[in-house]
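One structure is given below, encoded as structure tokens.
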Amino acid sequence: MAITYHAGRRIQGTQADFGDNGAGIPAVSGGWVELGRTTLGSAGDTISVSSLPDKKYYMILKNVFGSGLCTDRFTFNSDTGSNYAWRKSANGASDSTAVNQVRQITHTNADLDNAFFVGYVSNLANKEKLHINHATIATTTGASTAPIRDETVSKWSNTSDAISTMTMTNDQSGDYNTGSEMIVLGWDPADTHTTNFWEELASVDLSGGDASSLSTSTITAKKYLWVQFFVEVGTTNDDVYVRFNSDTGSNYSWRRSIDGGSDSTNTSNTSIDPEGSLQTSQPMFANMFIINNSGNEKLVIGNTTRSNTAGAGNAPTRREWAAKWANTSNAITEVSLTAQSGNLKSKTIMKVWGSD
Amino acid sequence: MAWGKNGTPDTLTSAGDTLTISDLTTTKFNQFMSHVISSSTIDIDITFDNNTATDYARRQSYNGGSDSTNTSQSNIQYSNNVTDTEFMIMYGVNINSEEKLFIMFQNRSNTAGAGNAPNRYEMVAKIDTTTNTGQYTRVDINNTEAGSYDTNSNLSAIGSDITPAAAVPFPTNVQVGSRAEITDTRKMYSLTDPLIADDDFTSYADQTAFDNSWVTSNTAKFRGNPTNDNIDILNSNAYDNIYYDLGSVSDTKWLCRFKVTLTTAGSQSLGFCYFYVGSTTGDANESNDGLGFYFYDGANNTYALADNGNRPDQTSVTGALGINPSTTTYYAEMKRTSATSFTVTLYSDSSYSTSLGTATLTISSGITGLRYFKIMGYTTTGGLVGTFDDFKFYNNSTDTSNYWQEIGA
Chain A
791 MAITYHAGRR
801 IQGTQADFGD
811 NGAGIPAVSG
821 GWVELGRTTL
831 GSAGDTISVS
841 SLPDKKYYMI
851 LKNVFGSGLC
861 TDRFTFNSDT
871 GSNYAWRKSA
881 NGASDSTAVN
891 QVRQITHTNA
901 DLDNAFFVGY
911 VSNLANKEKL
921 HINHATIATT
931 TGASTAPIRD
941 ETVSKWSNTS
951 DAISTMTMTN
961 DQSGDYNTGS
971 EMIVLGWDPA
981 DTHTTNFWEE
991 LASVDLSGGD
1001 ASSLSTSTIT
1011 AKKYLWVQFF
1021 VEVGTTNDDV
1031 YVRFNSDTGS
1041 NYSWRRSIDG
1051 GSDSTNTSNT
1061 SIDPEGSLQT
1071 SQPMFANMFI
1081 INNSGNEKLV
1091 IGNTTRSNTA
1101 GAGNAPTRRE
1111 WAAKWANTSN
1121 AITEVSLTAQ
1131 SGNLKSKTIM
1141 KVWGSD
Chain B
-16 MAWGKNGTPD
-6 TLTSAGDTLT
4 ISDLTTTKFN
14 QFMSHVISSS
24 TIDIDITFDN
34 NTATDYARRQ
44 SYNGGSDSTN
54 TSQSNIQYSN
64 NVTDTEFMIM
74 YGVNINSEEK
84 LFIMFQNRSN
94 TAGAGNAPNR
104 YEMVAKIDTT
114 TNTGQYTRVD
124 INNTEAGSYD
134 TNSNLSAIGS
144 DITPAAAVPF
154 PTNVQVGSRA
164 EITDTRKMYS
174 LTDPLIADDD
184 FTSYADQTAF
194 DNSWVTSNTA
204 KFRGNPTNDN
214 IDILNSNAYD
224 NIYYDLGSVS
234 DTKWLCRFKV
244 TLTTAGSQSL
254 GFCYFYVGST
264 TGDANESNDG
274 LGFYFYDGAN
284 NTYALADNGN
294 RPDQTSVTGA
304 LGINPSTTTY
314 YAEMKRTSAT
324 SFTVTLYSDS
334 SYSTSLGTAT
344 LTISSGITGL
354 RYFKIMGYTT
364 TGGLVGTFDD
374 FKFYNNSTDT
384 SNYWQEIGA
């Protein structure tokens, strides 16, 4: 009900309008908001985003096109003192560490032909800044080669300053090519903005009943995609295929670790199959980030968990994976989940968010 | 729909053992962020909807090692017996009648300094449907170890099915005395000005008029000055006071602001000067209920205080503002924000924006019946000297805005 004004200095409204002690209808704040970005207009060795406001948490999206040998050496506030330490794993191999470093590293190979990074940072001025980063990197084009996946955690030991600048630097002979980009998003408990970097592109489900597949239908092409889905199959030992633009050609490759085991790779596949055989009544939850440049291979950072047999007596399973769709002519404008042989159950749901 | 803030983030303002978001919207997907700072040994145990039954199971890898699992747990424990700072990102799916699934990543700072590499933790977890089949609306992070979570530890959530929107305030830009009629609850409210005392001391025609409003127990210590339009703090070196009768004061919410200029401070060995709202007109050595603060030269500090039937000069509930009294002008703000919370802040500016120091006290809800604003002294060899001005008292509100006062149904 709208608030109405009446004679005798009377105002009428509902309790919802009035709110808590007359505070009215409270604001509903948005999620991650863009704080800054730098996109290279010409080849270079540095990408920096400065003048960042002080936020509790940052989310960092990086897309690098490297020429020749190329690295991402990462610093905060242009500090190149020996104030960093990190831990990394490439393709699920054992962790390695380094301390008293002059920068963080976010990957292993000195080759970033097409690389996609998603990182998170905690930012409290009087505490060490902690960074969690995942990367999917394609060093060879084509679906016959699986991408590399890197996992790193790092810290900046500074305990006096909030982060205001993030800089990635190449210390090898190559360059970051034109179009290489870093975007910094922020989130803070005190935020009151109503804007979001991540715009919902699709929200689909099978509430109408079981079906062999679930598709977003056509979505707006966005450079960065975030996908989450919850899927349950109706047939034992059924696979759930993730595909883009209904492409069933042998254009997908991926690597994955099952329950922390060694990576295995699948190349020239007709889909991404993050889990393998799903069982009935054992739903799977997936989180995926995708870099979606029409002229480049689409790179995916993925994680899934499956409930396993129902009940707390059975621990869930997990998959960590990196994938690519080798298409270099189209952006992703449709995402689908397809059961290999049976149906997806009616609880299946998928949401896609995106941004340029 | 889009991602939006889900529930009220919890950031600790003092050390504690719990971080809670109790007002989650039932969105299908959530992302949780937490930054937990340890004081010493802590653990981090996550529960949903206060469910501590053995409905949780998890799988985890530490620093890329082989997975381990824990089943039939009473929480999702992602840190145990740790002493560092923990940063966690967690994705969750929250669908009615389904097991709730989570994917989590954590960076543990390890021992402070760049000489120690951080540790990483990867986890997936679930909650079965034994106790709760519906969607969760509350998440807690709990510590059961000897240490605690330090100030600024935080738990936040964003949810997937939220439509961000600006606030729509209920009108207050109408005349004081306007009536709000709430049609569904049938309650009525009157727009009320919380300002019940506003005195810049320019209105007193003579000393008598001044003394009638601001009553002094000793004109040699505290007295209104109709020439200079202020109150002179001539010397706070005795159990004397000057008071103003506010009438009735809320037992839960009020705001008091004023200006104090000290011309003698910092050179006394035991100088005290109290600014105080009490239940009686008595001095600092007389028992009453009251809230306020005092400058204390001898300790080179300023303290908030709360009295529940005791003498202000023997109070045991104090909090240091970290301000060494000096010969300058302070803009003081005393704020009772609830029956059990009281905050004092001193500012350097008349807009009350630049804080010099603050202290928040957890107080007894038995502190009631406050009525008299008082400036009080303390018997000692040397007191503080200065002036007092621009006094404002806002009742039933913790800010200066008009508010809607319920007047019936």
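As given, the protein sequences belong to chains A and B, one line each in that order. For what it's worth, my numbering labels the leading residue of the first sequence as 791, then goes sequentially. For what it's worth, my numbering labels the leading residue of the second sequence as -16, then goes sequentially. Just so you know, even glycine gets a beta-carbon here, dropped at the ideal spot from N, CA and C.
In terms of CA proximity to N1027/A, Q1072/A leads the group Q1072/A, S1061/A, E1087/A, T1006/A. Exposed is the label assigned to R169/B, since fewer than 16 other Cβ atoms lie within 10 Å of its Cβ.
Contiguous beta strand (DSSP E) elements confined to the segment 183 to 240 of chain B occur at 205 to 208, 213 to 216, 224 to 228, taking only those with 3 or more residues.
The C-beta distance from Y848/A to Y910/A rounds to 7 Å, short enough to fall under 8 Å. If you draw a straight line from the Cα of N208/B to the Cα of I20/B, it comes to about 52 Å.
Comparing alpha-carbon positions, the option among G871/A, F906/A, D903/A, T1006/A lying closest to N890/A turns out to be G871/A. Nearest Cα to R354/B within the set N378/B, A95/B, F153/B: N378/B. Proximity of the segment 75 to 95 of chain B to the segment 108 to 119 of chain B meets the contact definition, three or more beta-carbon pairs being nearer than 8 Å. Three or more pairs of CB atoms, one per stretch, sit closer than 8 Å, so the segment 241 to 250 of chain B contacts the segment 311 to 324 of chain B.
Annotation: Cβ neighbours of I165/B in chain A (cutoff 9 Å, chain order): Q802, G803, T804, Q805, D807, F808. Contact check for F205/B against I179/B fails: the beta carbons are separated by 8 Å or more. Within the same chain, and ignoring the five residues on either side of D50/B in sequence, the residues whose Cβ sits closer than 6 Å to its Cβ are R42, S44.
Annotation: the continuous beta strand (DSSP E) that includes Q891/A extends over 886 to 891. Counted as a single uninterrupted DSSP element, the beta strand (DSSP E) harbouring D272/B occupies residues 271 to 279. Runs of the beta strand (DSSP E) lying entirely within the segment 259 to 326 of chain B and spanning at least 3 residues, in chain order: 271 to 279, 284 to 293, 300 to 303, 312 to 321. In terms of beta-carbon proximity, Y172/B lines the interface with chain A, with at least one pair separated by less than 8 Å. S186/B does not reach chain A, its nearest Cβ partner there being about 29 Å away, counting only Cβ pairs nearer than 9 Å. Comparing alpha-carbon positions, the option among A1121/A, E971/A, L1068/A lying closest to T1095/A turns out to be L1068/A.
For the segment 152 to 163 of chain B, residues whose beta-carbon sits nearer than 9 Å to a beta-carbon of chain A comprise P152, F153, P154, T155, V157, Q158, G160, S161, R162, A163.
Put simply, the CB of A1105/A is near chain B, with a gap under 8 Å to one of its CB atoms.
In the three-state DSSP reduction, N904/A falls in the strand class (E or B). At a cut-off of 8 Å between beta-carbon atoms, A928/A makes no contact with chain B.
In this structure, the beta-carbon distance from M958/A to F866/A does not fall below 8 Å.
Shown here, G820/A sits in a strand according to DSSP, grouped into three states. The DSSP-derived three-state label of G812/A is helix. Looking at V232/B, N53/B, T66/B, G(-10)/B, the one whose alpha-carbon comes closest to that of A1102/A is N53/B.
C860/A has no beta-bridge partner at all, per DSSP. For the C-beta of T887/A, the chain B residues within less than 7 Å are, from N- to C-terminus, A100.
L7/B places its beta carbon 8 Å or farther from that of D(-7)/B. Residues of chain A whose Cβ lies closer than 7 Å to the Cβ of N135/B are, in chain order, L914. DSSP, read as helix, strand or coil, puts Q1072/A in coil. Residue pairing by DSSP places I801/A opposite Y795/A, A163/B in a beta bridge. Across the set D1063/A, S1052/A, V839/A, Y795/A, the C-alpha of D1063/A shows the shortest separation from the C-alpha of T1038/A. G130/B is not a Cβ neighbour of S219/B, given a cutoff of 8 Å.
A distance below 8 Å separates the beta carbons of M1078/A and G1092/A.
Less than 8 Å separates the beta-carbon of E1087/A from that of N904/A.
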